[in-house]
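Per full-length UniProt numbering, the sequence shown starts with residue 1, numbered consecutively.
Built from N, CA and C at the ideal position, the CB exists for glycine as well.
On a predicted model such as this, the values are computed, not experimentally measured, just so you know.
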Amino acid sequence: MADAEEPMAVDGGHSDISCEWDGRWNHVKKFLERPGPFTHPDFEPSVEALSGFRLIHVVDMDTIDVSNLNRQFLFRPKDVGRPKADVAAEFINNRVPGCEVVPHFKKIQDYDESFYRQFHIIVCGLDSVIARRWMNGMLISLLSYEDGVLDPSSIIPLIDGGTEGFKGNARVILPGMTACIDCTLELYPPQINFPMCTIASMPRLPEHCIEYARVLQWPKEKPFGETSLDGDNPQHIQWVFAQAQERAAEFKITGVTYRLTQGVVKSHSRHVIDAFFFLHSAYIPLNNYMVFNDVDGLYTYTFEAERKDNCSACSQVPQDLQFPSSAKLQEVLEYLTENSSLQMKSPAITTTLEGKNKTLYLQSVKSIEERTRPNLCKTLKELGLSDGQELAVADVTTPQTVLFKLNFTA
Ligand SMILES: [Zn+2]
C-alpha cells in the first residue's frame, strides 16, 4: 500500500468523499445479508443488520517507535515520535469517510466511569496484566444489580487480546456473566526469571545462554550504544543470537535458535501487543477463550473459561482472610501479593477503628509508607483488629477497593 497523502479512494475510484456510494458495503453485505453456518440462531439477514461502528475512541499512552513500523499498517516513517492514538485516528479518519475516530493520548487509568460508560463495547490490546485487570474492574464497577439480579443493560462486553512472543490469546468477557480476567488470574503466571547464578555460571538450557547475552552481555558491551534491547529489531536479535550461540558452544548446549532467541527477548520486552478482533451480533461470539501458539509448529484451541464463585473482582462475595490474631500485618501483605488468585502489586490497607478511618499500610506515598511501615511488624491483635473486621484494600490492579473480612483462626 502506497503512502497516501490524499484520502484513498475506496471501492472503484470515486473522487468525492460522500459517505455513501455504490458498492461501498459490498464486502460487509456478504456477512450481514445472508445466513451462514456460523451465524447466530436469532440472526435475520437484512440490510438493517448493518449497524457499523462509526464512532470509535482510541486511548493509548505510547508514541511511535521506528521498530513499530514493521508489524502494523497505520503508521509511516514520518510518524515516528508522534502519539500512536493521534496517528491511528488521522489515518482512519482520512481513509474511511463517515467514520469518526477520537484519539486520546492518555493512560486508560486517566479516565473514570463516566467516560467508559458511554461505550457499547470495549476492545483491549494492553501490554500488562495490571492494566487488563484495571479495565476489567472498571467494567465490573459499571454493573448494576437489583435485588441481586444483574441488569443486562449495564453490561459492556470486553474483548481482550494479547500476544507474548509467539503466543496469543483472544477472549470475550461479558462482565458479571462470564469469566472475567480475575476469575482466571492463575492463567497469568508470574514471569519466569532464571536464577542469576545459573545464567552467569552454570547454564544448562538454551534459554540460559540467551539470557546470558540479554541480561549480562547487552548492558556491558552496548553493541548499539545506549539503545535498549528491542525484541522487534532484527539486528538486536541477531546480536543476542550470535552471543548466545557462542555461549552454548562453550558449554556444549544445543537448541539455541534465532526463533527461540526472539521468543525469550520478546517475553521480556514491554511492548508486546497487537490485537485485532471483529465482533458483530450476526455471529455467535467466541465462547470464550482462544489460544494461539506458533512457538513450534502451529496450535490453536478454544475453550470456555469458567467463572470463579468467589472471584475478588466479579463475584460480589465478601473475600475472607484467614489469619491467627498473632499474625503480623506483613503476612497479610504477602498473602495479598503472592496468592495466585489475588496477585496484587502494592496493596494499601485501610480499616475503620473506633469509627475512624485508619491507614494500616500504604506504599505509594513515601511519607505515609514511612509512617505506616512499623505496622508491618505488629500483630493483627496489637493493631487493634478484631475477628470479623473489614479491611479495605486498594491496588493498581483495580479501580475499586476490595473489601476483605478478617477471620481469626485459632
Ligand atoms: Zn471474575
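CA nearest to the CA of residue i, picked from the options
{"i": "residue 330", "options": "133, 120 and 375", "result": "375"}
{"i": "residue 244", "options": "264, 213 and 237", "result": "213"}
{"i": "residue 207", "options": "153, 29, 264 and 224", "result": "264"}
{"i": "residue 148", "options": "118, 176 and 134", "result": "176"}
{"i": "residue 289", "options": "180, 320 and 353", "result": "180"}
{"i": "residue 322", "options": "247, 410, 258 and 28", "result": "410"}
{"i": "residue 234", "options": "32, 66 and 76", "result": "66"}
{"i": "residue 312", "options": "334, 141, 258 and 238", "result": "141"}
{"i": "residue 118", "options": "153, 127, 146 and 134", "result": "153"}
{"i": "residue 320", "options": "131, 103, 303 and 339", "result": "339"}
{"i": "residue 203", "options": "256, 38, 219 and 166", "result": "256"}
{"i": "residue 298", "options": "166, 31 and 200", "result": "166"}
{"i": "residue 184", "options": "45, 21, 308 and 336", "result": "308"}
{"i": "residue 385", "options": "260, 20, 44 and 332", "result": "332"}
{"i": "residue 71", "options": "134, 163, 128 and 133", "result": "163"}
{"i": "residue 232", "options": "219, 258, 247 and 249", "result": "258"}
{"i": "residue 127", "options": "266, 246, 173 and 27", "result": "266"}
Bridge-paired residues (DSSP) for residue i
{"i": "residue 57", "result": "102"}
{"i": "residue 323", "result": "408"}
{"i": "residue 392", "result": "350 and 403"}
{"i": "residue 84", "result": "Partner(s): none; residue 84 has no beta bridge."}
{"i": "residue 139", "result": "Per DSSP, none; premise fails for residue 139."}
{"i": "residue 146", "result": "149"}
{"i": "residue 89", "result": "DSSP lists no partner for residue 89."}
{"i": "residue 257", "result": "For residue 257, which the question treats as bridged, DSSP gives no partner whatsoever."}
{"i": "residue 30", "result": "Residue 30 is not bridged to any residue."}
{"i": "residue 63", "result": "83"}
{"i": "residue 328", "result": "379"}
{"i": "residue 301", "result": "291"}
Pair within 9 Å by beta-carbon distance, residue i and residue j
{"i": "residue 155", "j": "residue 124", "result": "no"}
{"i": "residue 305", "j": "residue 178", "result": "yes"}
{"i": "residue 157", "j": "residue 122", "result": "yes"}
{"i": "residue 357", "j": "residue 388", "result": "no"}
{"i": "residue 168", "j": "residue 291", "result": "yes"}
{"i": "residue 318", "j": "residue 405", "result": "yes"}
{"i": "residue 209", "j": "residue 253", "result": "yes"}
{"i": "residue 348", "j": "residue 393", "result": "yes"}
{"i": "residue 380", "j": "residue 315", "result": "no"}
{"i": "residue 360", "j": "residue 403", "result": "no"}
{"i": "residue 73", "j": "residue 64", "result": "no"}
{"i": "residue 366", "j": "residue 328", "result": "no"}
{"i": "residue 143", "j": "residue 150", "result": "yes"}
{"i": "residue 131", "j": "residue 286", "result": "no"}
{"i": "residue 354", "j": "residue 362", "result": "no"}
{"i": "residue 45", "j": "residue 37", "result": "no"}
{"i": "residue 241", "j": "residue 227", "result": "no"}
Three-state secondary structure assigned by DSSP to residue i
{"i": "residue 375", "result": "helix"}
{"i": "residue 107", "result": "coil"}
{"i": "residue 397", "result": "coil"}
{"i": "residue 180", "result": "coil"}
{"i": "residue 403", "result": "strand"}
{"i": "residue 209", "result": "helix"}
{"i": "residue 226", "result": "coil"}
{"i": "residue 123", "result": "strand"}
{"i": "residue 160", "result": "strand"}
{"i": "residue 247", "result": "helix"}
{"i": "residue 171", "result": "strand"}
{"i": "residue 292", "result": "strand"}
{"i": "residue 357", "result": "strand"}
{"i": "residue 73", "result": "coil"}
{"i": "residue 241", "result": "helix"}
{"i": "residue 314", "result": "coil"}
{"i": "residue 385", "result": "coil"}
{"i": "residue 45", "result": "coil"}
{"i": "residue 20", "result": "coil"}
{"i": "residue 365", "result": "coil"}
{"i": "residue 97", "result": "coil"}
Contact test: residue i Cβ vs ligand 2 heavy atom, cutoff 8 Å
{"i": "residue 244", "result": "For ligand 2, the structure offers nothing, since it holds only ligand 1."}
Chain C contact for residue i (CB, 9 Å cutoff)
{"i": "residue 317", "result": "The question asks about chain C, but that chain is absent: this structure has only one protein chain."}
Indicate whether the contact test is met: 3 or more Cβ pairs, each with one atom in the stretch 387–403 and one in the stretch 335–352, closer than 8 Å. yes
Taking 8 Å as the cut-off, does the stretch 96–104 touch the stretch 52–62 (at least 3 CB pairs, one atom from each stretch)? yes
Given 8 Å, three or more beta-carbon pairs between the stretch 103–113 and the stretch 59–66: yes
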